[in-house]
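Chemist: The structure follows.
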Amino acid sequence: MSRAPNEQPRRAAWPFPGDNPLVRARKIAHMYRARLRALDVPACDEADATARMFGEDWAVPQLVTVEDDDVLRPSEAADFLCTSTANVRRLRLAGRLKGIETNEGWRYRVADLRELQNGRPRGGS
249 MSRAPNEQPR RAAWPFPGDN PLVRARKIAH MYRARLRALD VPACDEADAT
299 ARMFGEDWAV PQLVTVEDDD VLRPSEAADF LCTSTANVRR LRLAGRLKGI
349 ETNEGWRYRV ADLRELQNGR PRGGS
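Below, the structure is given as structure tokens:
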């Protein structure tokens, strides 16, 4: 079957439906960075230094040590899941992510975030 000259091929559906355009762009940037790192470590280090120079620390992976019982704010949970805070809220409201309501707002246990990442949501609100 032939396509019309200006017809674009059909795109695959984005695998993370809750991601907003910014989160999608960041995930693509992380993919490119990982590939660059695998092919040319010095070039990747130079790109990382440039990103940091402009205050774009999100582009450079950082080692973060957390325990399963640690509790994260929504912005931290979003960073942990590489998604938006709005999507973290949607996941909680849909019962796919257990949240803890505190006087300071919602919090999320690292163990629950890890289970969600591994495809085993705990449910609850």
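Every position in the sequence shown, counted from 1, becomes a number in my numbering once 248 is added.
Backbone N, C-alpha and C fix where the C-beta goes; we use that ideal spot for every residue, glycine too.
1. May I ask which residues mark the beginning and end of the alpha helix (DSSP H) holding Thr350?
2. Pull up the distance between the alpha-carbon of Val336 and that of Asp293, whole angstroms please.
3. Examine the Cβ distances between the segment 346-362 and the segment 317-330 and report whether three or more of them are shorter than 8 Å.
4. Let me know if Thr347 comes out buried or exposed under the rule of 16 or more other beta-carbons within 10 Å of its beta-carbon.
5. Would Arg340 and Leu364 be called neighbours here (beta carbons separated by less than 8 Å)?
6. List the DSSP bridge partners of Leu320.
7. Look at the alpha carbon of Ser332 and the alpha carbon of Pro269, and state the distance between them as a whole number of angstroms.
8. Which runs of the alpha helix (DSSP H) spanning at least 4 residues fall entirely within the segment 270-344, listed in chain order?
9. What's the call for Gly372, buried or exposed, on a 16-neighbour Cβ count within 10 Å?
10. Using CA coordinates, which residue listed in Ala277, Val319 and Ala297 is at the minimum distance from Asp360?
11. Once you ignore the five residues that flank Ala277 on each side, which residues in its own chain have a CB closer than 7 Å to its CB?
Modeler: Working from what's here:
1. The sequence position of residue 350 within the sequence shown is 102, counting from 1. Unbroken run through Thr350 is the beta strand (DSSP E), Ile348 to Thr350; no alpha helix (DSSP H).
2. Locating residue 336 in the sequence shown gives position 88, counting from the first residue. Locating residue 293 in the sequence shown gives position 45, counting from the first residue. So the alpha carbons of these two residues sit roughly 31 Å apart.
3. Flag = yes, the segment 346-362 and the segment 317-330 touch.
4. As a first step, residue 347 must be located in the sequence shown, where it is residue number 99. What sits at residue 347 in the sequence shown is Gly, not Thr. So Gly347 counts as buried.
5. Here residue 340 refers to the residue found at position 92 when the sequence shown is read from its first residue. Here residue 364 refers to the residue found at position 116 when the sequence shown is read from its first residue. Contact flag unset, no.
6. Taking the sequence shown and counting its residues from 1, the one referred to as residue 320 is at position 72. DSSP lists Tyr356 as partners of Leu320.
7. Numbered from its first residue, the sequence shown carries residue 332 at position 84. Numbered from its first residue, the sequence shown carries residue 269 at position 21. Their Cα atoms are separated by approximately 10 Å.
8. Taking only runs of at least 4 residues, the alpha helix (DSSP H) segments lying wholly in the segment 270-344 are 289-301, 322-329 and 333-341.
9. Position 124 of the sequence shown, counting from 1, holds the residue named residue 372. In this prediction, Gly372 has a pLDDT of 45, which is less than 50 and means its spatial position is unreliable; what the coordinates show is noted afterwards. Looking at its Cβ environment, which holds fewer than 16 other Cβ atoms inside 10 Å, Gly372 is exposed.
10. Here the question's residue 360 lines up with position 112 in the sequence shown. Selected option, being the one with the closest Cα: Val319.
11. In the sequence shown, residue 277 corresponds to position 29, counting from 1. Correct list, in chain order: Ala307.
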